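These notes concern the structure reproduced below.
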Amino acid sequence: MKGDDTPRSVRIAVGLWLAIAVFVLFTTAGLWFQRGEVQRLTGWSSGQVTSFLGTLSGVALIFVVAYAWLTRLFLKRKNWARIVLSFIAIVHMVWILFVGISASNLVTLLLICAAIVFTWQARTAQWLAEVREQ
């Protein structure tokens with residue numbers, strides 16, 4: 002694939018999907034460094050906090066891997082990857098609402114919304130369709 006034939010909307014979408022993956026990774030890692038604060042705010046025992054952070058980290062890792070892998074396939078002009086990326090993003094948004102709203106979760110939600118918009122722009126669809134025509 003030539004870099005010069007990739008539309009700006011696709012490059013922005015790819016950048017946003019990868020930014021989401023990195024942001025989720027660092028945000029989740031940051032929670033481990035704030036274990037004491039999580040324990041103080043929740044009133045949970047150390048074991049409960051560890052279990053919560055472990056679950057949160059596992060789910061976050063699934064999202065990070067999914068975003069990275071699907072973004073790579075999207076960049077290789079796999080239309081189904083665009084559909085699955087959007088589905089995963091919607092599941093991620095529901096997960097965020099389930100876990101609770103925080104400043105970092107709001108940033109994640111905004112990044113996801115922006116990524117979906119650029120992923121589904123007409124120029125992006127046209128770029129994906131070009132490979133099917135060949």
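Counting from 2, one number per residue, gives the positions in the sequence shown under my numbering. For glycine and all other residues, C-beta sits at the position ideal for the given N, C-alpha and C. What you are looking at is a predicted structure, and each value in this text was computed from that prediction instead of being measured.
Inter-residue spacing [alpha-carbon to alpha-carbon] between methionine 2 and serine 58: Any reading at methionine 2 must be qualified, since the residue scores a pLDDT of 45, below 50, and its modelled position is unreliable; the value itself is stated next. The alpha-carbon atoms of methionine 2 and serine 58 are separated by roughly 34 Å.
Burial state of glycine 4, where buried means 16 or more other Cβ atoms lie within 10 Å: With a pLDDT of 48 at glycine 4, under the threshold of 50, the modelled position of that residue is not reliable, and the figure given next carries that caveat. Classification of glycine 4: exposed, given that the 10 Å Cβ count is below 16.
Leucine 17 versus Thr56, Leu76 and Phe99, residue with shortest Cα-Cα distance: Leu76
Contact set for glycine 101: own chain, Cβ-Cβ below 7 Å, skip 5 residues either direction: none
Residues of its chain near phenylalanine 119, where Cβ-Cβ distance is below 8 Å and the 5 sequence neighbours each way are ignored: Ser10, Val11, Ile13, Ala14, Leu17 and Thr125
Buried/exposed call for valine 132, threshold 16 Cβ in 10 Å: exposed
Burial state of isoleucine 91 (16 or more Cβ within 10 Å): exposed
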